[in-house]
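Numbering-wise, the sequence shown is residues -32 to -1, 1 to 763 according to mature numbering (1 follows the signal peptide of the UniProt record, and there is no 0). Each residue gets a CB set at the ideal place from its N, CA and C atoms; glycine is no exception. In this text the structure is predicted, and so the values were computed from the model without any measurement. Before any comments, here is the structure.
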Amino acid sequence: MATTKAMKHLTTLCSSMMALLTIAQCIVQAESWVPDVQSKIRIPYDASVPSFFGNSSDHFKLLDQNEDTLLIGARNAVYNISIEQLVELNGQRIVWPSSDAHRELCILKGKQEPDCQNYIRVFARVAPNRLMVCGTNSYKPLCRYYNVLPSNGTIVYDNNEQEAQGRCPYNPQHNSTYVYTSDGQLYSATVADFSGADALIYRETQRTEHYDSKQLNQPAFVSAIEHNGYVMFFFREVAIEYMNCGKAIYSRVARVCKNDKGGPYPFQDRWTSYLKARLNCSIPGEYPFYFDELQATTKTINGTYGGDRNQIIYAIMTTPENAIGGSAVCAFSVQDILEAFEGPFKAQRDIHSNWLQVPQSAVPEPRPGKCVDDSRTLPKASVNFVKSNNLMDSAVRSLHSRPVFTRVSLYYRLSAIAVDPQVLALDGLRYDVIFVGTNDGKVIKFVNILSANTSDDVRTVVISETQAFPPGTKISELTISKRNSALIVIGAGKIVTLPLHTCHEHGFKTCRKCLDLQDPYCVWDDQNRECKTIEEVRSSGAPIDQFYQRLDGERIGEICRKYDHQEHQAVHPYEDNDVYTRVDGSGAVEKPDKTYDQRNVLIVHSNHGTVASVGPEDIDNEISMSSIEGDDLTNRIINTHQYHSKTDTLVNEATLQMASVNLWVYVLVAVIILFIGMGIGYMLTRHSFIKKSLSGCEHRNQLSWHNGKSSLSMLSQNRTSGKDVNLLMNTSNQYHTQQQAIVQQLQQHHQNNCKDNIDFDYKDRSVECKNSTENLEKDISKGMGTLQKVKKTYI
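Spelled out as structure tokens, the structure:
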């Protein structure tokens, strides 16, 4: 029975220790979490910026753009808007409402009055002075042709209409896309019926199969581009290859040949070159985390990436709607997309089988899906094969094999993207400045500072975050006007323009803050002591050595040290201590609003170690760190650890704050291990004593009983003398007396040496740990027993 009780005590002790170890492990893992890359500046909503207003039911859509104007498709109209002032040009509006008969028929089919309007969705310049415009036309799509008078630019309808089934969607909110190619053909991806069930990729007269889930399975089309002899479509759809495991949505890129003329009878109106592949945007690891739902893409961008000339496409990918809100921006090489279409096919033998790679021996010749001079002469075996086996086995990997930007938020997802490509910086390298919009009205500007040098190390710098629309308003499209140095933000019923940079803002007139932006647009003029744009520097003709630009975030303290005294006197103290101060539309610096409803956001001030709440301008679930004065700023760089394939050599302020927590966690783990060892030793000693007592053996350590109560006797060996020393606790009173003395001694020591946990300094914390260790060693040397030693350490 004694053995059973000892084992029960040992089991309970081990369970308690394992629980403490689990807590310690959770603490260590929690501190290793690094939040999303934070924004350098945050600009609140400003209703005074240039705007063009409509109604939310207008469903604005960008149709065309040149250096000076925008063509916006809307409800019953096409607006021609000046980019500089965002005002409509006189005499340039196209007005095209649905006829009364079409509206009445639409209402009879069960649609509401706002649906039974003509929303312009498709636009093409079919000739220098001839336009084609297509609209939903109350759920009966139509196209019209207009002539542009060369004398004054007036647009005149030429009384030519034709049905737009397969070219234009029925619903203005349907995810459709199109591209008008250089050879005068319109390629569209939309639906071909009133219910929206018959999705298709169409070019008169070729189309995808009717209701064929292997070709298109409930797709949501995003964009289309022309590339050499191909047209590519980007969309998301329900993954047919995942159907045996459940339901999932994958992002796709599909390709057709521009010279595809259809197959032999009866495939004369079907694509013979239609192939599709999965887009892989994921965070690498043993179990990669995927962003599967494509939301927006850019056009093809030519530039230098990884040291080589390449053509890439940026894409916004998100997690599912019912998952934790995550968004990512991935870059895909056009060459990688084309190579995926040359790889093996993926197919399913029957409905109960897995989707596997098709053996090369089972692929007919000529290879299905390739562009040929006359597709009508292809053998039926090739046409039949590509009809049911159009999915490629290999996914298209993203550039750098990881996202270039990620954002996790409970309040928004990314929804639109625009890129100012290959901005030439002062160091002679070119950088893509990327703008992304959210469904909560924000515009985030960032740059990958090493994307031009290596593909193995992607460092993202988030420069600014602007509340372009009121919170809750989705940004549907973004576009850039280089002539006006403006970013154009388009919503369902509103358009605003924002500056591409904030180099001249009041908050960045100091050396440190100008360079700390790490913005390719901004340069510090050392002679005139002001922050200038890169265009101003090149047009000034001044010597290049009088300008500084540190996109890598290094040597800023060394460059700006000579301005420290002047900046301290000239700049408001609040500005000088916080580089993440908001800047409003007029350039004035505004302090955070502490009264706003907090969203679990912390500001960690590295110079004091204090924690404070922030206002509405701050990013959800971010840690915003104050600036560091002096040489510490030299090593400061905005970084995210998941973008690195090797260990960062730079430590951020949040990690420094947790360093002291590490020390206490390790001490706690060491104490736990010691406690477990002592407990096991005690139990084994007790178990051995009981067994030997039953056999009549003598022992130096005893359990003596007084008046029915036990008093514990333990034997401890003195390592210096080699003699046995009995540490006896003869009565419970003696034990309690000694325990109370120990507690009083610890309380007095705590009052004299410890500081408040919130206000501690790193140096004080180290001294406190050292003093505690020295006192513990002194107590042990006085002859404390093992049990008292453990008790003191535990307390």
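Boundaries for N44: no alpha helix (DSSP H) harbours it, and the DSSP string shows neither H nor E there.
The beta carbon of N248 sits closer than 7 Å to those of A363, V364, R365 and S366, all from its chain and outside the five residues before and after it, given in chain order. In this structure, I431 and C479 do not form a Cβ contact; the two beta carbons are roughly 17 Å apart against a cut-off of 8 Å.
Fully contained in the segment 300 to 353 are the following alpha helix (DSSP H) runs of length 4 or more, in chain order: 302 to 308.
Exclusion of the five residues before and after L485 leaves K8, I431 and F476 as the residues of its chain whose Cβ lies within less than 7 Å of its Cβ. In this structure, C102 sits near V90, with a CB-CB distance shorter than 8 Å. Residue state for C479 is assigned as helix, using DSSP reduced to three classes. The alpha-carbon separation between H142 and A188 amounts to approximately 8 Å. Taking 8 Å as the cut-off, the Cβ atoms of L262 and R204 count as close. Between the segment 290 to 297 and the segment 374 to 383, the count of C-beta pairs closer than 8 Å reaches three or more; the two stretches touch.
With distances taken between CA atoms, R497 lies nearest to K481 out of D487, K481 and D161. In its chain, beyond the 5 residues on either side, L38, I40, E445, T447 and I458 have a beta carbon closer than 7 Å to the beta carbon of L30. Note that the segment 348 to 360 does not touch the segment 262 to 282; fewer than 3 beta-carbon pairs, one per stretch, sit closer than 8 Å. For Q514, the closest of R344, R98, R71 and D493 by C-alpha to C-alpha distance is D493. The Cβ-Cβ distance between R223 and F309 falls below 8 Å. Judged by DSSP secondary structure, E503 falls within the alpha helix (DSSP H) whose first and last residues are I502 to S508. In this chain, H70 is not harboured by any beta strand (DSSP E); it is covered by the alpha helix (DSSP H) spanning D68 to L76. Non-local beta-carbon contacts of D26 in its own chain, meaning distances under 6 Å to residues more than five positions away in sequence, involve A42, R43 and G461 in chain order.
V206 is bridged by DSSP to I217.
By the neighbour-count criterion, in which 16 or more other beta carbons inside 10 Å mark a residue as buried, A69 falls on the exposed side. Counting C-beta atoms within 10 angstroms of its own C-beta, F235 has 16 or more neighbours from the protein chains shown and is therefore classed as buried.
In the displayed model, A165 falls within coil according to three-state DSSP, outside both helix and strand. Taking K338 as the centre and dropping the five residues before and after it, the same chain places no C-beta closer than 6 Å to its C-beta.
Boundaries for I123: no alpha helix (DSSP H) harbours it, while the beta strand (DSSP E) harbouring it runs I123 to E131, taken from the DSSP string. Restricting attention to Y218, D342 and Y273, the CA atom closest to the CA of T286 is found in Y218.
Per the Cβ contact rule, the segment 393 to 400 is not in contact with the segment 317 to 334 (fewer than 3 Cβ pairs under 8 Å). Here V426 carries a coil assignment [DSSP, helix/strand/coil]. N139 places its beta carbon less than 8 Å from that of G164. By the Cβ criterion, the segment 6 to 21 is in contact with the segment 432 to 439, since at least three pairs of Cβ atoms, one from each stretch, lie closer than 8 Å. Separation of the CB atoms of E35 and R506 is rounded to 20 Å, and the pair is thereby denied contact status at 8 Å. Using a Cβ distance threshold of 8 Å, P467 and A393 do not count as a contacting pair. Of the residues E307, P252, R317 and G521, the one whose Cα lies closest to the Cα of E209 is R317. Annotation: G409 to L636 spans about 47 Å, alpha carbon to alpha carbon. For I524, the uninterrupted alpha helix (DSSP H) run begins and ends at I524 to C528, by DSSP. At a Cβ-Cβ threshold of 8 Å, G121 and Q60 count as neighbours.
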